[in-house]
Amino acid sequence: MNDETKKTSPPSAGFEENEDFTKALDEIEKKHMVTAVYKGRANVVIYDNNDVDVRVPQPNEARRAIRLKQTKTGGLYETSQSDRAQIKLTASVPKDAADPAAELMEQVEGLLKDMQKKRLKLLPKGKVLLDEDGVTVKASDEGVQCLIKMPINDALHLNECLTNLMIRTTQCLAQQNQYLLKLMKSALQKNSTD
1317 MNDETKKTSP
1327 PSAGFEENED
1337 FTKALDEIEK
1347 KHMVTAVYKG
1357 RANVVIYDNN
1367 DVDVRVPQPN
1377 EARRAIRLKQ
1387 TKTGGLYETS
1397 QSDRAQIKLT
1407 ASVPKDAADP
1417 AAELMEQVEG
1427 LLKDMQKKRL
1437 KLLPKGKVLL
1447 DEDGVTVKAS
1457 DEGVQCLIKM
1467 PINDALHLNE
1477 CLTNLMIRTT
1487 QCLAQQNQYL
1497 LKLMKSALQK
1507 NSTD
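Just add 1316 to the spot in the sequence shown (first one is 1) and you have our numbering.
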């Protein structure tokens, strides 16, 4: 057969789609649509004869992780295991980031912000009895508050530093004994009238 006698298919330019047939196909697809029952990790074993064994792990409430905080690029989770409860943190940055370490640290700080303990604040009212480098003592009729701050850069001398700061605090309280007695009487009167 030469090329001229071959039959050619009709051009698709004038072809119109049958709308009823398309609707029927859509309905069939909707009827036979499958929904996912489980999506996640599973144990899969493929045998020599090409049999496949898929085992879905059973959910264990004791090992479930509770999401504490979630961002687009990380999360903070708490496991509820009684014997080995943990707090897990995940964070990720793009590989081509300008400073990946700094960006990771920013994300970690953002995720841990709520977990960090609040900074200790001194009493809102009262008299500052001592405010020197590393130690602050403030007193009011609500109580005496001592705030000691120590640098951790010299771990060998922490005991010595703490002892010195405690001595300064004790000396301050001894010198202010009359003022503290006055505050105590004021507090007792205030409590007796309430």
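Using N, Cα and C, we set each Cβ at its ideal position, and we do this for glycine too.
Euclidean distance between Cα positions of residue i and residue j
i       : j       : result
Gly1442 : Val1453 : 10 Å
Pro1467 : Cys1488 : 22 Å
Ser1408 : Val1444 : 46 Å
Leu1472 : Ala1455 : 32 Å
Glu1448 : Lys1429 : 29 Å
Tyr1495 : Thr1479 : 25 Å
Glu1422 : Glu1394 : 20 Å
Lys1501 : Glu1476 : 36 Å
Asn1507 : Asn1493 : 21 Å
Gln1374 : Gly1356 : 12 Å
Met1431 : Lys1346 : 47 Å
Thr1338 : Gln1386 : 43 Å
Leu1504 : Ala1490 : 21 Å
Pro1416 : Gly1390 : 14 Å
Per DSSP, the bridge partner or partners of residue i
i       : result
Cys1462 : Val1453
Leu1446 : Val1453
Gly1391 : Gln1386 and Thr1406
Arg1357 : Per DSSP, none; premise fails for Arg1357.
Asp1369 : Val1361
Ala1381 : Thr1395
Among the options, nearest to residue i - alpha-carbon criterion
i       : options                               : result
Met1482 : Leu1446, Leu1384, Leu1472 and Thr1389 : Leu1446
Glu1458 : Ala1413, Leu1478 and Leu1497          : Leu1497
Leu1405 : Asp1412, Asp1415, Glu1425 and Gln1492 : Glu1425
Val1368 : Pro1375, Gln1374 and Val1360          : Val1360
Ser1396 : Leu1384, His1348 and Tyr1363          : Leu1384
Tyr1354 : Lys1347, Val1370, Arg1400 and Ile1362 : Val1370
Met1388 : Asp1342, Ile1344 and Leu1427          : It is Lys, not Met, that sits at residue 1388 in the sequence shown. The shortest Cα separation from Lys1388 among Asp1342, Ile1344 and Leu1427 belongs to Leu1427.
Cβ separation of residue i and residue j, assumed to be a contact under 8 Å, to the nearest whole Å
i       : j       : result
Arg1484 : Val1460 : Not really, about 14 Å apart at Cβ, beyond 8 Å.
Val1372 : Ala1381 : With 8 Å as the limit, Val1372 and Ala1381 do not qualify as a contact, their Cβ atoms being about 18 Å apart.
Leu1392 : Ile1403 : 7 Å
Within-8 Å CB hit, residue i to chain B
i       : result
Val1424 : You won't find chain B in this structure, because it holds only one protein chain.
Residue i CB to nearest heavy atom of the ligand NAD below 7 Å
i       : result
Ala1417 : The ligand NAD is absent from the structure shown, which contains no ligands of any kind.
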